[in-house]
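J.: In this text, residue positions in the sequence shown follow full-length UniProt numbering: the first is 1, and each later residue adds one.
First the structure, which I've put down as structure tokens, then a few questions once you've had a look.
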Amino acid sequence: MRDTSPFYITTAIAYPNGKPHIGHAYELIATDAVARYQRLDGRDVFFLTGTDEHGQKMQQTARKEGISAQELADRNTAEFQKMAVLLNASNDDFIRTTEKRHHEASQIIWKRMAAAGDIYKDSYSGWYSVRDEAYYQEGETELRDDGVRYGPQGTPVEWVEEESYFFRLSDYQERLLKLYDDNPDFIGPAERRNEVVSFVKSGLKDLSVSRTTFDWGIKVPDDPAHVMYVWVDALTNYITATGYLSDPDGPRAKYWPADIHMIGKDIIRFHAVYWPAFLMSAGLPLPKRVFAHGFLLNKGEKMSKSLGNVVDPVNLVEHFGLDQIRYFLLREVSFGQDGSYSEEGIATRINSDLANGIGNLASRSLSMIVKNCDGKMPVCGPLSEADRAMLASVDALHSITRDEMGKLMIHRALTAIIAVVSEADRYFAGEAPWALKKTDPERMGTVLYVTAEVVRQIAILLQPFMPASAGKLLDLVAAPDDKRDFAALGEAGRLVSGTPLAAPAPVFPRYVAPEA
Ligand code: ME8
């Protein structure tokens with residue numbers, strides 16, 4: 001039976017204090033691949049991305065640029081929206097935290113936490129990183145030789161003292177530890193889970209959840225001198241977009257709780273500690289999984305504006321091609337670990353896996369069909385042992401990739417697919433259909449049919465990762481539009497002999513570096 005149940009997946013919402021960088025692109029591409037995979041596999045998917053527009057960082061950046069925070073948000077959010085189109089992201093909505101629906105949802109969640117007795121007024125004094133929009137305990141910071149104090153993510157912290165509302169996070173320690181214990185998959189990968197468990201075990205302090213020294217945020221209900229701490233409002237975006245709080249009978253309410261929050265490893269604490277505690281307090285269902293991907297490094301080095309090695313995703317896509325970049329990032333990086341990219345690495349992947357791999361297999365087999373079989377899909381005669389083994393390998397990919405994608409081992413799903421491409425290369429070379437042309441044309445037809453059937457299924461399975469190119473491959477084997485989802489994998493959608501084929505156009509050209 002096909003699982004057609006709702007599946008809700010989100011990216012983090014980025015701060016639009018600057019243009020999007022490759023880290024943002026990476027997160028969106030990976031989340032898109034998972035969303036597309038589940039959609040093709042029959043699930044009722046809702047995929048959300050957006051921007052996190054409030055907070056001190058936004059206000060400070062705007063001030064430096066001499067514009068209002070709203071103007072800064074409008075300008076850069078437009079860039080994030082353009083990036084989503086450029087990357088062919090299949091998000092169903094794009095949320096901005098400055099929207100009315102979000103102000104309403106944030107105030108509802110605040111009132112529910114207050115009604116639960118978890119919010120009280122006091123005064124805060126402690127360290128705050130504007131870059132991380134995070135409070136740190138003194139022991140997490142260090143004073144360096146440059147005279148500046150830094151937080152655990154290497155960003156400067158400043159001393160803050162102000163009247164503030166607090167959330168009784170300290171009351172949630174046991175409940176959080178029980179949550180992690182009862183739901184071993186709640187946090188992934190394992191390194192992040194261990195990190196969170198030891199942070200929570202070390203003791204939780206109540207969290208300051210409002211600010212009074214600036215006003216760029218959502219007003220605290222009944223106390224307009226306070227704006228909510230930006231993370232209270234930011235995390236709420238995930239529930240805002242479903243309408244669960246404002247319209248529990250609405251069309252999207254079924255998507256809450258989320259199946260997966262996909263985020264970077266630097267913001268695990270907010271998602272795996274604060275967010276479930278807020279939801280428990282508000283009496284709301286908890287997300288099922290928080291998964292932290294790693295960081296993208298430029299040739300092994302952290303990207304930073306001062307090093308001048310920040311890569312613009314738009315340039316990268318223009319230079320190498322979108323699906324090439326999507327493939328590279330998803331195949332090269334072990335999902336959940338840090339990954340490094342370089343132009344040489346991208347070029348190698350394009351040429352070995354795409355041009356010489358799937359591209360070559362498709363063009364060799366399909367052009368032989370067009371030339372030698374009257375331009376029609378040949379008849380599949382009796383199957384040899386080798387044919388059967390080949391078909392069995394490709395038919396097995398649905399369940400292998402479903403298992404890997406379910407575990408968010410995206411790179412392993414791709415490795416399994418590419419391994420079948422290599423196997424098909426060996427099969428094709430071993431059966432040598434070009435030699436059968438004179439000696440046994442029927443047998444040649446069978447070998448070409450089997451190879452084309454491998455191409456068909458590989459193309460269906462590559463759609464989540466390289467949607468446009470996989471679509472072109474499916475055009476080449478003349479797969480009908482209604483036979484392109486995963487229900488058409490395996491025997492159910494086998495190629496139909498006699499279907500006319502057009503001469504194959506190349507889908508994955510070789511990458512040749514431009515002359516220096
Ligand atoms: O953290 N490699 O926004 P953000 C991979 N607004 N991922 C990276 C990365 C890199 N080099 N740099 C950043 C925020 N990211 C908050 C989120 S969610 C309710 C609020 C990832 O713009 C980062 O880990 O700083 C995060 O998941 C996302 O990009 C947005 O980062």
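Think of the CB as a built atom: it goes at the ideal place given N, C-alpha and C, for glycine as much as any other residue.
Taking the DSSP output, what are the residues bridged to GLN56?
T.: Sequence index remark: in the sequence shown, residue 56 carries index 56 (1-based). Bridge partners of GLN56: none, in fact.
J.: Suppose contacts are defined by Cβ-Cβ distances below 9 Å. Is GLU133 in contact with TYR15 by that definition?
T.: As a working note, residue 133 is residue 133 in the sequence shown. As a working note, residue 15 is residue 15 in the sequence shown. Yes. Within cutoff.
J.: So, ILE13 versus ALA89, is the Cβ gap smaller than 9 Å?
T.: Here residue 13 refers to the residue found at position 13 of the sequence shown. Here residue 89 refers to the residue found at position 89 of the sequence shown. No, the Cβ-Cβ distance between ILE13 and ALA89 is not below 9 Å.
J.: Roughly how many whole angstroms lie between the Cα atoms of ARG510 and ALA355?
T.: Start at 1 with the first residue of the sequence shown, and residue 510 comes out as number 510. Start at 1 with the first residue of the sequence shown, and residue 355 comes out as number 355. Cα to Cα, ARG510 sits roughly 5 Å from ALA355.
J.: Classify THR213 as buried or exposed, calling it buried when 16 or more other Cβ atoms lie within 10 Å of its own Cβ.
T.: What you label residue 213 is simply residue 213 of the sequence shown in a count that begins at 1. THR213 comes out exposed.
J.: Check the C-beta distance from THR97 over to ALA234 and give it rounded, since I have them as a contact under 8 Å.
T.: For the purposes of this step, residue 97 is taken as residue 97 along the sequence shown, with counting starting at 1. For the purposes of this step, residue 234 is taken as residue 234 along the sequence shown, with counting starting at 1. So it is a contact: roughly 6 Å between Cβ atoms.
J.: Compute the Euclidean distance between the alpha carbons of ARG402 and VAL34, then round it to the nearest angstrom.
T.: For this step, residue 402 is matched to residue 402 along the sequence shown. For this step, residue 34 is matched to residue 34 along the sequence shown. Roughly 10 Å separates the two Cα atoms.
J.: In this structure, how does DSSP classify SER323 when only helix, strand and coil are distinguished?
T.: Translated into the one-based positions of the sequence shown, residue 323 becomes position 323. Note on identity: in this sequence residue 323 is Asp, with Ser being the wrong assignment. In this structure, ASP323 counts as helix in the three-state DSSP scheme.
J.: Straight-line CA distance for LEU462 to ARG494?
T.: What you label residue 462 is simply residue 462 of the sequence shown in a count that begins at 1. What you label residue 494 is simply residue 494 of the sequence shown in a count that begins at 1. Cα to Cα, LEU462 sits roughly 17 Å from ARG494.
J.: Where does MET125 land, buried or exposed, given buried means 16+ other C-beta within 10 angstroms?
T.: Working through the sequence shown from its first residue, we reach residue 125 at position 125. First, the amino acid is wrong: residue 125 is Ser here, not Met. Exposed: under 16 other Cβ atoms inside 10 Å.
J.: For TYR229, verify whether its CB is less than 8 Å away from any heavy atom of ligand 1.
T.: Within the sequence shown, numbered from 1, the residue matching residue 229 stands at position 229. No.
J.: As an exercise, report each continuous alpha helix (DSSP H) stretch of at least 4 residues that is fully enclosed by the region 190–237, in chain order.
T.: 190–201
J.: Which word fits LEU143, buried or exposed, when buried means at least 16 other C-beta atoms lie within 10 angstroms of its C-beta?
T.: Translated into positions along the sequence shown, residue 143 becomes position 143. Taking a 10 Å sphere around the C-beta of LEU143, we find fewer than 16 other C-beta atoms and assign the residue as exposed.
J.: Within 10 angstroms of the Cβ of THR4, are there 16 or more other Cβ atoms? Answer buried if so, exposed if not.
T.: Stepping through the sequence shown from its first residue, residue 4 is reached at position 4. It counts as exposed.
J.: Do LEU87 and PRO313 count as a contact pair if the criterion is CB distance below 9 Å?
T.: Position 313 of the sequence shown, counted from the first residue, corresponds to residue 313. Position 87 of the sequence shown, counted from the first residue, corresponds to residue 87. Yes, these two residues count as a Cβ contact at 9 Å.
J.: Could you give the distance in angstroms between the alpha-carbon of THR31 and the alpha-carbon of ARG101?
T.: Counting from 1 along the sequence shown, the entry for residue 31 is found at position 31. Counting from 1 along the sequence shown, the entry for residue 101 is found at position 101. Whole-angstrom Cα-Cα distance: 24 Å.
J.: State the start and end residues of the unbroken alpha helix (DSSP H) segment that holds residue 517.
T.: This structure cannot settle anything about residue 517, because the visible part of the chain is limited to 1 through 516.
J.: Once you ignore the five residues that flank ARG43 on each side, which residues in its own chain have a CB closer than 8 Å to its CB?
T.: Sequence index remark: in the sequence shown, residue 43 carries index 43 (1-based). These residues qualify, in order along the chain: ASP3, THR4, SER5, PRO6 and PHE7.
J.: Express the C-alpha separation of ALA435 and VAL454 in angstroms, rounding to a whole number.
T.: Here residue 454 is taken as the residue at index 454 of the sequence shown, counted from 1. Here residue 435 is taken as the residue at index 435 of the sequence shown, counted from 1. C-alpha separation (whole angstroms): 21 Å.
J.: So is ARG41 buried or exposed if we call it buried at 16+ other beta carbons inside 10 Å?
T.: Here the question's residue 41 lines up with position 41 in the sequence shown. Per the sequence shown, residue 41 should be read as Asp rather than Arg. It counts as buried.
J.: May I ask whether a heavy atom of ligand 2 can be found less than 8 Å away from the beta carbon of ASP32?
T.: In terms of ligand content, the structure shown lacks ligand 2 and carries ligand 1 instead.
J.: Tell me whether the region 289–303 and the region 198–214 touch, counting them as touching only if at least three CB pairs, one residue from each stretch, are closer than 8 Å.
T.: no
J.: Alpha carbon to alpha carbon, how far is TRP110 from GLY490?
T.: Here residue 110 refers to the residue found at position 110 of the sequence shown. Here residue 490 refers to the residue found at position 490 of the sequence shown. Near 50 Å, if we compare the C-alpha coordinates of GLY490 and TRP110.
J.: Work out the CA separation of ASP259 and LYS288 for me, nearest whole Å.
T.: In the sequence shown, counting from the first residue as 1, residue 288 sits at position 288. In the sequence shown, counting from the first residue as 1, residue 259 sits at position 259. If you take the alpha carbons of LYS288 and ASP259, they lie about 5 Å apart.
J.: Shortest alpha-carbon distance to TYR229 belongs to which of HIS54, PHE508, TYR37 and GLY18?
T.: Working through the sequence shown from its first residue, we reach residue 229 at position 229. Cα-wise, what sits closest to TYR229 is HIS54.
J.: Just to confirm, are PHE167 and LEU330 a CB contact at a threshold of 9 Å?
T.: Within the sequence shown, numbered from 1, the residue matching residue 167 stands at position 167. Within the sequence shown, numbered from 1, the residue matching residue 330 stands at position 330. Cβ distance not < 9 Å, so PHE167 and LEU330 don't count as in contact.
J.: Regarding HIS411 and ligand 1, is the C-beta to nearest heavy atom distance less than 8 Å?
T.: By 1-based counting over the sequence shown, the position of residue 411 is 411. Flag unset: Cβ of HIS411 not near ligand 1.
J.: Suppose you measure from the CA of ALA69 to the CA of GLN59; what does that come to, to the nearest Å?
T.: By one-based count along the sequence shown, residue 69 stands at place 69. By one-based count along the sequence shown, residue 59 stands at place 59. Taking the straight line from one Cα to the other gives about 5 Å.
J.: Contact check, LEU296 vs TYR341 under 8 Å by CB: the rounded distance?
T.: Residue mapping note: residue 296 aligns to position 296 of the sequence shown, counting from 1. Residue mapping note: residue 341 aligns to position 341 of the sequence shown, counting from 1. That pair is a contact at about 6 Å.
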